[in-house]
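Comments concern the structure below.
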Amino acid sequence: MTKAAGKIVICGAGIAGIAAAYQLAVVQGLDDVTLVEAGNPLSLTSDKSTEAYRNWWPGPDWAMTAFMDRSIDLIEEIARATGNRINLNRRGYLFATADATKIAFLSEMAQLAESRGAGALRFHDTPSSGYVPSPERGFDSALNGADVITDRSLIRRYFPYLAPGTVAVAHARRAGWLSAQQLGSVMLEAARERGVKLVRGRIVGIGVNDRVRGVTVERDGERRSLETTHLVLAAGPMQKEMARMAGLDLPIFAERHHKVSFADTEGVPRSAPMMIWLDAQYLPWNDDERAALDADEEARWLLQEFPAGVHGRPDGAHATLLLFNHHGDVVEPEFPLPEPPPHYGEIALRGMSTMVPGLRSYVGKPFRPYVDGGYYVKTRENRPLIGPAPVEGLYVSCGYSGFGVMASCAGGELIARHIAGAPLPDYASAFVLSRYQDPEYISLLDRWGDGGQL
Ligand SMILES: Cc1cc2nc3c(=O)[nH]c(=O)nc-3n(C[C@H](O)[C@H](O)[C@H](O)COP(=O)(O)OP(=O)(O)OC[C@H]3O[C@@H](n4cnc5c(N)ncnc54)[C@H](O)[C@@H]3O)c2cc1C
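First residue of the sequence shown? That's 21 in my numbering, and the numbers climb one at a time after it.
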């Protein structure tokens with residue numbers, strides 16, 4: 021193994037940049053690592069997430085499952101080493117449908133996930149079938165894979181808060197949530213103890229001749245140069261613009277996504293898993309509301325069909341988080357984040373109440389949702405870009421979409437291994453930028469779906 025002896029600069033102290041710094045300094049033992057951050061660490065996108073994780077990646081091949089399993093291994097290591105400072109749980113993801121024609125699709129997704137290495141699949145189609153619920157706390161459960169339940173009495177017994185019309189659920193078990201802030205802080209503290217420097221300022225220039233030579237950092241109108249032999253771009257929503265500074269056009273784009281947080285004591289039980297509704301839906305309005313919306317040209321769109329995928333989970337003792345990606349157009353990232361789509365909180369609440377009818381108790385009452393959000397930076401096949409770029413000394417770690425918290429540990433490890441010249445895992449080639457130079461890969465892309473990703 022050849023260790024890079026050089027000056028490593030990482031652009032961005034989001035969860036991706038911090039995980040890279042941690043792996044480079046603490047795990048690979050490299051000495052000269054500097055994080056450059058324009059704002060505050062972990063505050064642009066990495067504190068806006070739902071903080072959920074899963075190894076449920078039904079397709080199109082095994083690479084995402086292996087990558088995410090590795091990331092979860094590393095997250096669990098950190099949880100063990102810190103007495104679970106990161107609040108990791110393993111309640112699972114519960115995918116549910118009220119549409120009997122979707123049972124075959126759900127089973128197929130679960131079988132695909134199993135065949136990609138996500139663990140054994142168990143079917144429960146009788147009332148006496150031995151389904152085992154996930155523990156509310158802790159992350160040491162041995163249960164992996166998924167349980168598909170099609171017996172309605174079993175669904176009612178274990179998930180009485182779901183819509184009575186629910187006909188099938190798939191409960192993915194190596195999944196749950198954690199504190200992203202704590203995960204990032206643990207890694208940043210350890211990296212700084214190992215000598216990683218944190219420079220405040222914005223990188224406004226990248227010096228490249230035959231290779232990367234340095235960066236220009238601006239703060240309060242002052243500019244300074246930092247020499248670098250290895251530059252990792254982990255700039256989240258600014259990644260495309262940063263890569264352009266080095267003459268690179270990265271095949272990534274950004275979507276804006278929001279999330280709602282609200283005080284909840286009546287709707288989502290505190291012990292619930294992450295819940296995802298698989299059906300498209302018309303939002304539940306009463307007759308008067310429907311008539312009023314129909315009469316209002318600007319609001320009539322609220323009567324239209326909304327897509328599948330509303331999801332949510334309990335957040336601590338008194339709050340619930342909801343996401344409804346009914347928007348999600350490709351946009352140019354801008355900050356501060358523009359206003360959320362109109363009525364976003366109300367739409368998410370009504371949409372989620374289709375899955376968890378208890379949430380209807382908030383309808384018509386004062387409901388003060390806190391809405392925030394950020395950008396999903398994506399490649400067209402929704403896989404990250406991690407590895408060297410075609411400029412010597414330049415590396416990218418980006419395209420983390422809606423899974424950057426859960427992927428951060430394996431993403432950091434992978435970029436650090438590329439830089440340190442350490443052996444690479446089998447999945448490394450699935451995430452390098454050069455995959456787009458392979459015509460076979462490109463033609464494969466046209467046939468790939470989104471694999472049921474959120
Ligand atoms: C609503 C929502 C819900 C989500 N839910 C989940 C979830 O449940 N699970 C999950 O795993 N993921 C989730 N995600 C995705 C996850 O939050 C992101 O993938 C992840 O935070 C991306 O991290 P990052 O480090 O790449 O980007 P960021 O956190 O944006 O960090 C990039 C950093 O680079 C800095 N920077 C940029 N340009 C420069 C420059 N020129 N000079 C210096 N610094 C610079 C920025 O200031 C920023 O701090 C969600 C995202 C959103 C928006």
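Don't be surprised by glycine CBs; every beta carbon is placed ideally from N, CA and C. Fair warning: this is a prediction, and the values are worked out from it, not measured in the lab.
Quick check on this structure: which residue in the options has the alpha carbon closest to the alpha carbon of residue i?
i	options	result
Thr340	Gly32, Glu317 and Met294	Met294
Leu414	Val237, Gly267 and Met88	Gly267
Pro153	Met129, Pro184 and Ala192	Ala192
Ala188	Leu114, Cys429, Leu141 and Arg231	Leu114
Ile175	Gly150, Gly384 and Glu156	Gly150
Phe326	Gly103, Leu303 and Gln48	Leu303
Ala120	Pro356, Asp171 and Gln43	Asp171
His277	Gly393, Glu354 and Val206	Gly393
Asn53	Ala312, Val168 and Val216	Before going on, a small fix: residue 53 reads as Val here, not Asn. When only C-alpha atoms are compared, the closest one is Val216.
Gly490	Glu366, Lys398 and Val391	Because the chain in this structure spans residues 21 to 474, residue 490 falls outside the shown range and cannot be described.
Leu55	Thr65, Ala40 and Gln48	Ala40
Pro334	Arg100, Glu318, Tyr447 and Asn109	Asn109
Gln43	Met207, Arg231, Ser454 and Val219	Met207
Gly26	His250, Leu379, Ala72 and Ala300	His250
Leu62	Val425, Arg380 and Gln457	Val425
Ile406	Glu412, Ala430 and Tyr395	Ala430
Glu96	Met129, Gly234, Gly139 and Ala195	Ala195
Gly165	Gln131, Gly185, Pro184 and Pro147	Gln131
Ile35	His144, Arg142, Gly204 and Tyr420	Gly204
Asp230	Leu322, Val411 and Pro445	Val411
Gly137	Ala124, Ala116, Arg90 and Ile123	Arg90
Arg400	Leu369, Leu465 and Val391	Leu465
Ser69	Val280, Arg244, Gly37 and Ala99	Val280
Val163	Leu141, Phe179, Trp297 and Arg233	Per the sequence shown, residue 163 should be read as Leu rather than Val. Here the closest residue by C-alpha is Leu141.
Can you tell me where the alpha helix (DSSP H) with residue i in it begins and where it stops?
i	result
Ala440	Gly424 to Ala440
Arg177	Arg172 to Tyr178
Tyr524	A query on residue 524 cannot be resolved here, the shown segment of the chain reaching from 21 to 474 and no further.
Tyr73	Here Tyr73 belongs to no alpha helix (DSSP H); instead the beta strand (DSSP E) covers Ala72 to Arg74.
Ala263	Gln259 to Met265
Asp51	Asp51 -> no alpha helix (DSSP H), and no H or E assigned at all.
Val206	Ala200 to Glu213
Mapping the DSSP letters down to three states, classify residue i as helix, strand or coil.
i	result
Thr285	coil
Met21	Note that Met21 scores a pLDDT of 43, beneath 50, so its modelled location is shaky and nothing firm can be said.
Trp321	helix
Arg333	strand
Tyr461	helix
Gly272	At residue 272 the sequence reads Ile, which differs from the Gly that was named. Note: Ile272 maps to coil in three-state DSSP.
Glu128	helix
Ser417	strand
Arg290	coil
Val46	helix
Val168	strand
Arg310	helix
Tyr302	strand
Ala188	strand
Arg220	strand
Gly34	coil
Lys279	strand
Gly158	coil
Gly79	coil
Gly26	coil
Gly472	Reliability fails at Gly472, whose pLDDT of 48 lies under 50, so the model's placement of it is uncertain and no value is given.
Gly137	helix
Gly59	coil
Gly150	coil
Can you confirm whether residue i, when its beta carbon is compared against all beta carbons of chain B, has any partner nearer than 9 Å?
i	result
Pro459	In the structure shown, chain B cannot be found, because there is only a single protein chain.
In the DSSP assignment, find the beta strand (DSSP E) that holds residue i and state where it starts and stops.
i	result
Met294	Met294 to Trp297
Arg244	Glu242 to Glu247
Leu343	Ala339 to Leu343
Gly475	Here the chain has residues from 21 to 474 only, and residue 475 is not among them.
Gly234	Val232 to Arg239
Val252	His250 to Leu253
Pro408	Leu405 to Pro408
Leu141	Leu141 to His144
Report whether the distance from the Cβ of residue i to the nearest heavy atom of ligand 3 is below 8 Å.
i	result
Phe179	Absence of ligand 3 from the depicted structure is noted, with ligand 1 being the only ligands included.
Review point. Which runs of the alpha helix (DSSP H) spanning at least 4 residues fall entirely within the region 346 to 401, listed in chain order?
Key: 364 to 375
Review point. What runs of the beta strand (DSSP E), each 3 residues or longer, lie entirely inside the region 84 to 117?
Key: 113 to 117
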